[in-house]
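Numbering (my numbering), first residue to last: 1 to 480.
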Amino acid sequence: MAPCDPTASPRAQRLLEALRRVGESETFLFGHQNTGWSNQAAQSRVVESDVTVATRGDFPSLVGFNLAQARNGRLLEAVEVAKRWGAVLTFSWEAPNPVSGGSAHDRSGGALRAILPGGSANDKWNAWVDEIAAFFLRVDAPILFRPFHENTADVYWWGVCASAADFKAAWRYTQERLWSRGVHDLLFVYSPSKPDRDYQQAFTYRYPGAAAVDVVAFDYYGANDISRGLLSCCAQAARFAAAEGKPLAIAEFGVYGGLGAGASDGWFVESFSRPVRSDPACKRIAYALTWANSVQPPSYYVPLPGQRAYESFLQLYSSGAALFAKRASPNVYSPPLEDMEETSPPPPPPPPPPPLTIGATAASLPVPSVTLDGLPAHVQLEWRGGHDASLASLEQLAVLLVAVCALACLVAIAALLVARLRGGGHPASCRAPMEWLHPKCTAARYTALHRSGRQAALAGGARLSREEHRVPTKCRRERR
């Protein structure tokens with residue numbers, strides 16, 4: 001199973017594999033829209049998720065957001081919180097009508113065709129998609145992207161008010177534009193509304209194709225007991241997803257108006273988890289996301305303590321069928337991918353083999369490298385030269401010998417000069433100025449001193465002072 005993006009990032013590939021594995025298990029990822037961004041407690045800042053309050057410390061393993069808020073800096077803050085929990089991110093996009101400037105629910109102006117090349121809104125759409133691409137790059141995480149959702153309902157400007165051909169063309173055009181902007185962390189989720197009502201519209205006429213979709217999903221809302229309609233949609237979507245080789249998901253589910261509008265106290269068990277996990281088709285879902293909690297308008301899809309259906313939500317949480325962040329969020333942010341279910345720790349690695357010592361004789365110096373055929377890859381080799389010296393070592397030794405010889409010569413010359421300066425008595429032939437330093441004079445004097453001794457040298461002439469010992473009379477006269 002590979003993403004439809006031919007250059008999908010490794011982490012996008014890991015996320016797709018994680019969804020496949022969860023779909024084959026007895027569990028599913030539990031998702032919550034706008035968690036931490038929109039809560040019952042506060043709206044002005046990113047706060048603790050209502051799921052964290054309800055579970056006393058856990059977090060949903062999947063979090064959904066709407067790209068319509070991408071320009072709000074708080075959205076990235078909420079995204080970072082979800083990433084720190086290791087939760088999977090999914091984004092829908094309720095884009096405003098690019099022709100009329102109205103909301104996403106404004107179906108006028110033939111907007112879907114207008115965003116295609118040559119259309120009146122093509123430039124505007126391109127700018128919007130480029131802005132979304134920049135946002136995705138800032139998120140820097142694998143993302144389940146759900147564009148043009150609920151396309152089989154007459155709710156949005158990309159719904160059944162537009163032709164199936166225009167829908168598929170707009171899907172591919174938007175997808176390829178994102179890829180061209182360097183966004184390769186996306187998995188594309190196709191999610192029609194209630195596909196059991198019109199299978200052909202959902203999975204034949206408006207389906208963009210296997211080469212453009214990574215996950216097959218659907219949205220379903222109903223009044224109180226949604227189990228019958230949910231299972232009917234699961235049966236249709238599961239059959240199609242299996243034929244296409246795609247993971248199956250419930251992209252949105254819940255009660256119209258929220259749980260407080262009429263859900264039973266046992267809703268999460270009786271109307272949702274028990275029917276889903278007992279149905280052969282529906283139990284293949286990889287994830288299910290319920291809608292957002294909010295203060296204005298007041299509604300909730302995840303109950304807090306004391307609210308309707310809270311005890312059944314705790315039963316769902318404790319059952320282990322729904323995976324929350326603490327128990328088994330897929331590790332999609334750094335390899336390797338961890339198992340989705342709790343497992344015993346892996347056994348410790350075997351000890352490394354003892355080092356292998358190999359003796360070898362070099363035919364010539366220096367030895368630039370050593371190659372051994374048949375050794376395994378990562379082997380450290382150490383060269384020990386023994387009694388042989390390399391060429392570089394011989395050169396260093398020669399330099400050292402020259403330096404020692406030069407130093408010995410300097411010492412000998414210094415000693416000779418000291419002896420000449422301390423001695424006296426120069427041959428009569430030394431007549432030139434400063435001739436007492438001439439080699440012939442000093443050599444003769446040096447010989448006389450060593451042949452007869454200092455007294456013999458002095459006996460042959462007049463008494464000399466200490467200075468006259470150093471400078472002969474003739475030489476001293478010339479110096480004056």
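Virtual Cβ for every residue (Gly too), placed ideally from N, Cα, C.
Pair within 9 Å by beta-carbon distance, Gly50 and Leu289
For the sequence presented, residue 50 should be read as Asp rather than Gly. For the 9 Å CB-CB criterion, Asp50 and Leu289 do not form a contact.
Q | Boundaries of the beta strand (DSSP E) in which Leu259 is found, first to last residue | A | Where Leu259 is concerned, there is no enclosing beta strand (DSSP E), given that its DSSP letter is neither H nor E.
### Query
When you compare only the Cα positions, how much space is there between Tyr190 and Ile250?
A straight line joining the alpha-carbon of Tyr190 with that of Ile250 spans about 11 Å.
| said: Which of the three DSSP states is assigned to Leu416 in this structure? | reply: Looking at Leu416 - three-state DSSP - the assignment turns out to be helix.
Item to complete: To the nearest angstrom, report how far apart Pro376 and Lys168 are at their CA atoms.
Response: Residue confidence for Pro376 is low, a pLDDT of 42 falling below 50, so the modelled location carries little weight; the figure read from the coordinates is stated next. Distance between the alpha carbons of Pro376 and Lys168 is about 53 Å.
ask   = From Ala18, Trp85 and Gly23, pick the residue whose C-alpha is nearest to that of Phe36; which is it?
value = The identity of residue 36 in the sequence shown is Gly, whereas the question assumes Phe. The residue among Ala18, Trp85 and Gly23 with its C-alpha nearest the C-alpha of Gly36 is Trp85.
Between the CA atoms of Ala281 and Leu230 - distance to the nearest angstrom: Rounded to whole angstroms, Leu230 and Ala281 show a C-alpha spacing of 11 Å.
Report back the beta-carbon spacing between Leu186 and Phe145 to the nearest angstrom; my notes put them in contact at under 8 Å.
5 Å between Cβ atoms; contact.
Name the DSSP bridge partner or partners of Tyr287?
Paired residue(s): Leu29.
Considering just the uninterrupted stretch of the alpha helix (DSSP H) at Ala251, what are its terminal residues? Unbroken run through Ala251 is the beta strand (DSSP E), Leu248 to Val255; no alpha helix (DSSP H).
Notebook entry, point to check: Which one of Gly260, Asn66, Ala241 and Asp154 has the shortest CA to CA distance from Asn224?
Noted result: Checked all of Gly260, Asn66, Ala241 and Asp154; the closest Cα to Asn224 is Gly260.
### Query
In terms of alpha-carbon separation, which member of Glu395, Arg308 and Ala211 lies closest to Arg172?
Closest option to Arg172, Cα to Cα, is Ala211.
Environment of Cys409 [buried if 16+ CB atoms lie within 10 Å]
Cys409 comes out exposed.
TODO: From the DSSP output, in three-state form, read off Thr482 for me.
DONE: There is simply no residue 482 to check, as the chain begins at 1 and stops at 480 in what is shown.
If I measure Cβ to Cβ from Pro195 and keep anything under 6 Å in the same chain, skipping five residues before and after, which residues do I get? Excluding sequence neighbours, Pro195 sits near Ala202, Phe218, Cys233, Gln236 and Ala237.
Task: Extent of the continuous alpha helix (DSSP H) run through Ser9 - done: Counting along the chain, Ser9 falls outside any alpha helix (DSSP H), and DSSP gives it neither H nor E.
Q: Alpha carbon to alpha carbon, how far is Ala170 from Gly109? Give it in angstroms, no decimals.
A: Here the alpha carbon of Gly109 sits roughly 15 Å from the alpha carbon of Ala170.
**Study point:** Range of the contiguous beta strand (DSSP E) that encloses Val216
**Key:** Start and end: Val215 to Gly222.
If Pro60 sits next to Phe91, beta carbons under 8 Å apart, how far is it from one beta carbon to the other, in whole angstroms?
Not really, about 15 Å apart at Cβ, beyond 8 Å.
(message) Need the endpoints of the alpha helix (DSSP H) that Ser92 sits in, please.
(response) Counting along the chain, no alpha helix (DSSP H) covers Ser92; the unbroken beta strand (DSSP E) around it starts and ends at Val88 to Ser92.
| said: My output table needs one value for Leu401: the three-state DSSP class, helix, strand or coil. | reply: In the structure shown, Leu401 falls within a helical segment according to DSSP collapsed to helix, strand and coil.
Short of 8 Å in beta carbon distance, which residues of its chain neighbour Ala164, apart from the five on each side in sequence? Order them along the chain. Excluding sequence neighbours, Ala164 sits near Gln201, Tyr205 and Arg206.
Selection from Ser319, Val183, Gly257 and Gly266 that minimises the alpha carbon distance to Pro297: Ranking the options by Cα distance to Pro297, first place goes to Gly257.
Starting from the Cα of Thr52, find the closest Cα among Tyr156, Val402, Tyr317 and Gly64 and give me that residue.
It is Tyr317 whose Cα lies nearest to the Cα of Thr52.
*asked:* Considering Cα atoms alone, identify which of Arg21, Gln40 and Ala2 is closest to Trp291.
replied: Checked all of Arg21, Gln40 and Ala2; the closest Cα to Trp291 is Gln40.
Is it true that the CB of Asp140 sits closer than 9 Å to the CB of Leu16? With a cutoff of 9 Å on beta-carbon distance, Leu16 and Asp140 are scored as not near each other.
Taking Cβ to Cβ, would you say Glu24 is nearer than 9 Å to Arg228?
Not in contact: Glu24 and Arg228 (Cβ atoms no closer than 9 Å).
Query raised in the report: Within this structure, are the beta carbons of Asn34 and Val63 separated by less than 9 Å?
Result: It is a contact, given that the beta carbons lie within the stated cut-off.
query: Under three-state DSSP, which class holds Arg20?
result: DSSP places Arg20 in the helix class (H, G or I) of the three-state scheme.
| Using the C-alpha atoms, what's the distance from Ala70 back to Phe135? | If you take the alpha carbons of Phe135 and Ala70, they lie about 7 Å apart.
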